[in-house]
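So for the sequence shown, our numbering puts the first residue at 99; every next one is plus one.
Quick notes on the structure that follows.
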Amino acid sequence: MQKLPLPNAEVYYAPRFFSPEESNAYFRELEQGINWQQESIRMFGKELPMPRLTAWYGDKGYTYSGLYNEPKPWVPVLQKLREQVKEATGQEYNSVLLNFYRSGNDSMGWHSDDEAELGKEPSIASLSFGGERRFSFKHRTRKDQKPVSITLEHGSLLLMQGPTQHHWLHHIPKTKRPVQPRINLTFRNVKG
Ligand SMILES: O=C(O)CCC(=O)C(=O)O
Ligand SMILES: [Fe+2]
């Protein structure tokens with residue numbers, strides 16, 4: 099794993115955590131086997147469809163973007179991925195949020211994963227399969243810190259831990275470039 103040069107953060111990236119062949123197989127299995135939902139978000143008093151599909155699996159419910167997510171029980175492919183991520187990061191995860199970006203028009207806005215249920219310095223392990231997308235970090239307060247972007251590759255693992263969520267926001271911007279659909283999984287440990 100390589101460490102990204104971000105102050106007040108601990109972010110590690112492994113571009114080829116899985117081989118392209120394994121990654122293709124995982125993409126297909128997840129695309130077909132996950133119970134993808136089109137959720138909506140309330141913005142400026144209006145109900146809008148989220149710009150991606152989502153699914154939440156794990157041991158406990160979780161509130162995300164103001165939505166309470168009822169957990170679905172673990173399925174074998176997610177158990178297997180969780181086991182490998184646990185092995186690589188040395189952390190336990192009891193939940194996973196999945197995002198399906200159907201095209202370059204799907205995105206995720208600036209946020210940090212700093213909900214109280216995740217604890218003070220959460221470890222969040224993120225797997226990406228399918229089309230490559232840009233992922234950017236922006237410091238919450240330090241104007242001298244330029245945003246930092248990386249490309250999340252097919253079969254990659256990104257680990258955010260320590261004070262990262264406290265000091266930095268992250269997002270997946272829309273892109274006009276033609277891109278393949280992408281599946282992202284963020285493994286988390288929800289307390290309580
Ligand atoms: O799709 C991604 O890589 C980002 C996902 C993310 O930030 C999240 O689920 O909180
Ligand atoms: Fe996030």
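Virtual Cβ for every residue (Gly too), placed ideally from N, Cα, C.
Cβ distance (whole Å) where residue i is taken to contact residue j below 8 Å
{"i": "Ala107", "j": "Thr262", "result": "4 Å"}
{"i": "Gly290", "j": "Glu215", "result": "6 Å"}
{"i": "Val175", "j": "Leu225", "result": "Contact flag wrong, Cβ pair sits at about 11 Å."}
{"i": "Ile248", "j": "Leu102", "result": "7 Å"}
Cβ-Cβ distance between residue i and residue j below 7 Å
{"i": "Gly229", "j": "Val277", "result": "yes"}
{"i": "Asn133", "j": "Asn197", "result": "no"}
{"i": "Gln130", "j": "Pro147", "result": "no"}
{"i": "Lys236", "j": "Leu256", "result": "no"}
{"i": "Gly156", "j": "Asn203", "result": "no"}
{"i": "Val288", "j": "Tyr160", "result": "yes"}
{"i": "Thr273", "j": "Ala223", "result": "no"}
{"i": "Ser234", "j": "His269", "result": "yes"}
{"i": "Leu195", "j": "Thr284", "result": "yes"}
{"i": "Arg150", "j": "Tyr110", "result": "no"}
{"i": "Pro279", "j": "Ser205", "result": "no"}
Assigned secondary structure, residue i (DSSP; H/G/I helix, E/B strand, else coil)
{"i": "Gly159", "result": "coil"}
{"i": "Asn122", "result": "helix"}
{"i": "Ala107", "result": "coil"}
{"i": "Val183", "result": "helix"}
{"i": "Val175", "result": "helix"}
{"i": "Thr284", "result": "strand"}
TODO: Indicate whether the contact test is met: 3 or more Cβ pairs, each with one atom in the segment 220 to 237 and one in the segment 252 to 262, closer than 8 Å.
DONE: yes
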